[in-house]
Amino acid sequence: MDIGTISLVLLLGLFILLAIGMPLGLASAILAVLVLVMKFEPALLSNPLSFGCPDWYTEANPGARCTLTGRPGAGALNILQQKIYGVMTSYVLISVPLFIFMASLLERSGIAKDMYSSLNVWLNGTRGGIAIVTSIMAVIMAAMSGIIGGEVVLLGLIALPQMLRLGYNQNLAIGTICASGSLGTMIPPSIVLIMYGLITETSIKALFTAAFLPGFMLASFIIIYIIIRTQIRPEDAPLPEPREGEPQGYDKLKLFIAFLNVVFFGAVTALFLRALFFTVTGQNAPLDDALEPIFLGTADYLPWFAGYIIASVLIAFFGFGRERSALAWEMGKGLVAPIVVIGVVLGSIYGGITGITEAAGMGAISVLIIAILRGEASFELIWDSLMRTMKSTGTIIWV
């Protein structure tokens with residue numbers, strides 16, 4: 000049977016099965032078997048009982064009628080069996096449920112809500128700032144979890160009511176959420192890219208590297224559109240009333256720089272401890288001359304890291320002042336957890352420390368540890384996240 004007919008049957012069949020309410024995973028499984036039969040054994044469509052007949056038997060008995068149990072696993076179903084086995088034994092595919100579990104924990108904990116509040120503090124005085132915050136949060140959520148469905152729902156629950164309450168144009172508010180939420184298909188670690196890499200046998204790390212720049216370009220275009228539209232039509236994004244005692248203008252900018260200094264101090268301290276550990280244990284000395292030393296893990300970097308740490312401390316206490324640095328930390332601490340998770344996941348991948356699967360596991364564990372430290376971890380939270388992970392993974396595997 001030609002590929003055009005098979006494609007038409009596949010498209011119409013998927014539409015009909017989804018229209019009658021069949022789950023996507025089950026519909027994909029049924030159509031997979033049907034397409035395999037149409038492609039490799041179309042005779043089964045006219046005479047299903049002929050399945051299982053060995054060639055030597057049909058040649059010796061031209062009028063014989065065979066049964067479906069004559070040779071289990073032969074023909075088209077044998078191909079399906081091999082595909083299922085290949086999926087079940089794929090090491091990279093283990094990252095899919097781990098990323099989904101990480102996203103489920105993020106949605107059900109207060110990490111995402113605190114991140115939105117911190118972003119809102121810095122940009123609420125800008126026209127269209129809430130919409131810009133929504134786009135930035137979508138990018139951060141995509142870089143943390145790699146899925147889009149729950150991200151759109153989460154943004155709708157957190158950002159949409161606030162934008163509508165402030166009088167934002169409804170089309171602008173909903174369009175920002177939908178457009179920004181779809182960025183999860185391109186921004187690493189995207190589950191869509193992982194599935195595409197497995198199907199096409201393409202390097203997933205290469206796909207992540209290639210999609211990194213286009214994904215952030217799309218996010219930038221969305222933010223630029225929001226800025227231009229709200230400047231042309233100010234009524235689409237009214238400015239909120241300033242809160243009493245809230246920093247404005249240049250003071251807020253200095254607070255933001257002070258917060259970045261605190262984040263820089265934490266990052267450099269982590270790198271210093273990492274390099275110190277590798278130096279003490281001797282792991283930064285390659286056993287083979289052909290191997291390169293661990294990235295940013297040699298003893299040569301220790302003086303530099305120590306100097307950066309001292310400079311950050313001096314800037315925090317004597318440049319911005321202790322009170323200003325403490326206020327900056329209080330305003331932006333909701334962004335620390337997402338920065339840590341992104342650093343663990345993407346940093347370990349692009350730094351050559353781990354592969355995709357290991358990075359997904361590290362990300363899931365880091366989110367769970369953060370939830371425990373925040374006092375939000377509970378049996379109900381973990382159980383609900385695991386149940387959603389199982390449901391979503393089952394659908395994705397069949398697709």
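When you line the sequence shown up against numbering that gives the first Met the number 0, it's residues 0 to 398, in that order. The beta-carbon is built from N, C-alpha and C at its ideal position, and this holds for glycine as well.
Exposure label - residue i; buried when at least 16 CB within 10 Å
| i | result |
| --- | --- |
| MET87 | exposed |
| ILE223 | exposed |
| ASP299 | exposed |
| ILE135 | buried |
| LEU259 | exposed |
| MET389 | exposed |
| GLY333 | buried |
| ALA274 | buried |
| ASP1 | exposed |
| THR133 | buried |
| ILE19 | exposed |
| ILE100 | In the sequence on display, residue 100 carries Phe and not Ile. Buried, by the Cβ-count rule. |
| ASN170 | exposed |
| SER6 | exposed |
| GLU245 | exposed |
| TYR167 | buried |
| THR280 | exposed |
| PHE14 | exposed |
| THR4 | exposed |
| LEU67 | Summary for LEU67: the model assigns pLDDT 45, below 50, so the residue's position carries little reliability, and this model does not support an answer. |
| PHE264 | buried |
| VAL32 | exposed |
| ILE93 | exposed |
| LEU163 | exposed |
Pair within 8 Å by beta-carbon distance, residue i and residue j
| i | j | result |
| --- | --- | --- |
| VAL91 | THR356 | yes |
| TYR307 | VAL335 | no |
| ARG126 | THR229 | yes |
| ILE129 | ALA102 | no |
| SER377 | VAL340 | no |
| ILE203 | GLY196 | yes |
| GLY24 | THR278 | no |
| LEU30 | LEU17 | no |
| LEU380 | SER108 | yes |
| ALA305 | PHE276 | no |
| GLY331 | GLN247 | no |
| ALA327 | VAL261 | yes |
| LEU192 | LEU206 | yes |
| ALA370 | PHE98 | no |
| ILE190 | VAL151 | no |
| LYS253 | PHE319 | yes |
| ALA137 | LEU154 | yes |
| PRO187 | PHE220 | no |
Residue i in three-state terms, based on DSSP
| i | result |
| --- | --- |
| GLU200 | coil |
| MET37 | helix |
| GLU322 | helix |
| GLY248 | coil |
| TYR195 | helix |
| SER414 | Any answer about residue 414 is impossible in this case: the structure gives the chain only from 0 up to 398. |
| THR394 | helix |
| ILE186 | coil |
| MET140 | helix |
| GLU243 | coil |
| TYR167 | coil |
| LEU154 | helix |
| ALA26 | helix |
| LEU212 | helix |
| PRO237 | coil |
| GLY281 | coil |
| ILE421 | The question about residue 421 has no answer here: the residues shown for the chain are numbered 0 through 398. |
| ARG126 | coil |
| ARG232 | coil |
| THR410 | Past the edges of the chain, shown from 0 to 398, lies residue 410, and the structure says nothing about it. |
| ASP1 | coil |
heavy atom of the ligand FAD below 7 Å from residue i C-beta
| i | result |
| --- | --- |
| ALA102 | In terms of ligand content, the structure shown is empty, and the ligand FAD therefore cannot be addressed. |
Q.
Restricting to runs no shorter than 4 residues, where is the alpha helix (DSSP H) found entirely within the stretch 95 to 124?
A. Counting only runs of 4 or more, we get 110 to 122.
**Q.** the stretch 381 to 397 in contact with the stretch 176 to 188 per 3-pair CB rule at 8 Å
**A.** Flag = no, the stretch 381 to 397 and the stretch 176 to 188 do not touch.
Q.
In chain order, what are the residue ranges of uninterrupted alpha helix (DSSP H) at least 4 long that sit wholly in the stretch 306 to 373?
A. The alpha helix (DSSP H) runs of length 4 or more contained entirely in the stretch 306 to 373 are, from start to end of the chain, 321 to 331, 335 to 349, 355 to 372.
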